Structure formats: C-alpha cells, structure tokens
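Below is one structure; the comments refer to it alone.
Following this line, the structure appears as structure tokens:
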C-alpha cells in the first residue's frame, strides 16, 4: 500500500507540474494532400561509400479534424490544443550502405558493412500553428531480401559505373521496425510587410527499434518568404527533416536554410549487426553523431523543389572521414 501511495503521489506531482495546454489560433483550411519524392546520394559529393543511396516516396493527407483515436492521440497523448489538425501519411523507402572499397570480394572488417533496408511507413502528424508533432512507424526488411545488391548494380550498369563486388558479405535477412517521435516548435520573425522573414525551429525526437534506436535534437534556421507555409523539405530518416507538407499561399516562394542535428545512438543495425543473432558484419560505432545541412527550397504554385547538402560526422571508429551527400526532393499538392 505504501509503494502504491508513493506511485500515485508521484503521478499526481507530474500531472500538477505539467504545463497547461495553450490554445492557439485556428489553422487555415488545407484539404489537399502532399505527395513527395526524396532522393539522397553521395554522388553529389563525388563519393560512393557508407550511406550511399536513399529513396523515399510519401503521401500525406490534407488537414483533418481529429476524431476518435486521432482525437485521443492529438489531445490526450500529445497534449495538443483543440485547434490542432491532423494529417495521416504513408511512404515506401529504400536505403543502401556499402564499404569504401566496393571492388573487393572479401569481408572488410574496418569498413561499413553492406546492407539494404526496404520499408513501408505510416505516420501521424499533429499540426498547430507554430508546432508540429509526428509519430512514425517504419516496418520492413534488412538484408538480401531488401534487394540492395540488385538495385545498386543495375544502377551502376545504367550509368556506366564499376560493379559492386562484395554484397555476399552483407548483413543477413531480418524483419525490421522503427517507432519514432519528433516535435518541432518554431518562432517566425517577419521582416517588412511583403512576407519576407526568418524563422528558428528547434527539433527533438527519439526512435526505438531493432533497426535504429537513438535520441536526437537539432535546430534549423531559415530565411525567405512565406515561411509559415511549411517546416522545411522532406528527408530520409534519421535525418533532420521537415514535416512532409507545404501549404502555398502565393504563386512563388523561396527560402534558404541551414540546420544542425545531433544524435545519441544506442543501436544501429547497419553498424552493429542484428540484436538477435551473431555472425553479422559489424564495426565499432560512435555513440554521438552530428550532422550539418544547408540548402534551398523553391515553391511554384502547388510544386516545391529543394536541394540539401549534408555533412555527417564519423559514425564508426575506423571511418576515415565525415560523410557527405546531397538530397533532392520534389513535393506536389493534389
């Protein structure tokens, strides 16, 4: 009884200490869905190693009023006010990882293991005027079943690149999942009366799963016009990304952005191998990983295009240098 009382008292203190839910002005209607395509590749940095390719195709619904389970999720679980709207999304994605020496056929114990990751994704985005919360579930497969070898070698054949010879040494087949939560809360500063301004958006989040487990935080600074339309362009996880939608109010808008992101990584299957079996290739990962990104986004009516250049610090101890790659995204409102 005493322990139960302590637990109840502790819960009561937590509830009492929780901030009151602040109501914000209602959101502007936005019933159009957003389709987006993201391609990330180290070709843009003239390299071919480590995280070498990522593709993601996503659909995110228009803004809806939370009802039923969505209402519980938005208002009770995530603490959003009654003015909050909700979006639901689906995506498919694929990522490829290779060592630096892709001509060797033997295992390379001091280089990044070969791996492919093929997944589907379901997401719920809870939107308020100055903040966005996302819950995302990815489920798929790591290993030969992800067809990383087939995709990479056929792509190299198409562009006249060298064959990649070491895929027999890749991480084995394993079903994978990642449950993620991210929160962005921005401050917008208007400069003049023509829609030009700047904003600062801190982000915090965490992921849990047998593919990736980490805590992360970051900050993005943007300058341009109509910044309230979105939260930046989409990316491939675990990157510092936007919310997956944009809501154009003018025929043209633009912004420049720069962001920093840091992660504390507990598990990364592409470096650590499987949690459930021995024998996978692995390297000693770095627990702390940082990332800097910068780029430009342009919006023409219902179309947004963006380019991002990324520098990521060493992810494992024997990695020779930081990783660099580019990301191109195309988003369309329907």
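Numbering (the working numbering), first residue to last: 22 to 355. Cβ coordinates follow ideal geometry from the N, Cα and C atoms, glycine included. Just so you know, these numbers come straight off a predicted model, no measurement behind them.
Candidates 327, 101, 298, 137: closest to residue 315 by CA position: Answer by Cα proximity: 327.
Test item: CB-CB of residue 108 and residue 82 under 7 Å: Less than 7 Å divides the Cβ of residue 108 from the Cβ of residue 82.
CB of residue 143 within 7 Å of CB of residue 158, strictly: Yes, the Cβ-Cβ distance between residue 143 and residue 158 is below 7 Å.
Nearest-angstrom Cα separation, counted from residue 267 out to residue 261: Spanning the two alpha carbons is a distance of roughly 17 Å.
One or two residues paired with residue 152 in a DSSP bridge: Per the DSSP secondary-structure output, residue 152 pairs in a beta bridge with 206.
Contact the segment 275-286 vs the segment 230-248: 3+ CB pairs below 8 Å: Contact holds between the segment 275-286 and the segment 230-248, because three or more Cβ pairs, one in each stretch, are under 8 Å apart.
Cα-Cα separation between residue 305 and residue 335, rounded to whole angstroms: Distance from the CA atom of residue 305 to the CA atom of residue 335, rounded to whole angstroms, is 11 Å.
Residue 98 and residue 147 closer than 7 Å at C-beta: No, Cβ-Cβ distance for residue 98 and residue 147 is not below 7 Å.
Contact under 7 Å by Cβ, residue 149 with residue 101: In contact: residue 149 and residue 101 (Cβ atoms closer than 7 Å).
CB of residue 133 within 7 Å of CB of residue 71, strictly: It is a contact, given that the beta carbons lie within the stated cut-off.
Cut-off 6 Å between Cβ atoms - residues of its own chain near residue 120, not counting five sequence neighbours on either side: Cβ neighbours of residue 120 within its own chain (closer than 6 Å, five residues either side excluded): 129, 132, 133.
Secondary structure of residue 170, DSSP reduced to three states: Residue 170 falls in the helix class under three-state DSSP.
At least three beta-carbon pairs within less than 8 Å, the segment 218-227 to the segment 176-186: Inter-segment contact for the segment 218-227 and the segment 176-186 is absent: fewer than three beta-carbon pairs are separated by less than 8 Å.
Unbroken beta strand (DSSP E) run spanning residue 240, endpoints: Boundaries of the beta strand (DSSP E) around residue 240: 233-246.
Three-state class that DSSP yields for residue 307 in the structure shown: Residue state, collapsed to three classes: coil.
C-beta atoms of residue 61 and residue 346 nearer than 7 Å: Yes. Within cutoff.
Residue 125 versus residue 259 - alpha carbon distance: Rounded to the nearest whole angstrom, the CA to CA distance from residue 125 to residue 259 is 29 Å.
Counted within 10 angstroms of its Cβ, other Cβ atoms place residue 49 as buried (16 or more) or exposed: Exposed: under 16 other Cβ atoms inside 10 Å.
Residue 58 in three-state terms, based on DSSP: Looking at residue 58 - three-state DSSP - the assignment turns out to be strand.
The segment 229-236 / the segment 287-301 touching (three or more Cβ pairs under 8 Å): As far as the Cβ criterion goes, the segment 229-236 touches the segment 287-301, which means the pair count is three or higher.
Nearest-angstrom Cβ-Cβ length linking residue 307 and residue 337, presumed shorter than 8 Å: Confirmed, about 6 Å.
Other residues of its chain near residue 42: CB distance less than 7 Å, five sequence neighbours each side excluded: Model confidence at residue 42 stands at a pLDDT of 46, short of 50, so the residue's coordinates are unreliable; what they give is reported in the following sentence. Excluding sequence neighbours, residue 42 sits near 100, 102.
Run of the alpha helix (DSSP H) containing residue 6, from where it starts to where it stops: In the structure as shown, the chain starts at 22 and stops at 355, and residue 6 therefore has no counterpart that could be examined.
Bridge-paired residues (DSSP) for residue 135: Its beta-bridge partners do not exist; DSSP assigns none.
Length of the line joining the Cα atoms of residue 84 and residue 251: Their backbone Cα atoms lie some 13 Å apart in a straight line.
For residue 30, the three-state DSSP class (helix, strand or coil): With a pLDDT of only 31 at residue 30, under 50, the local geometry of the prediction cannot be trusted, and no value is derived from it.
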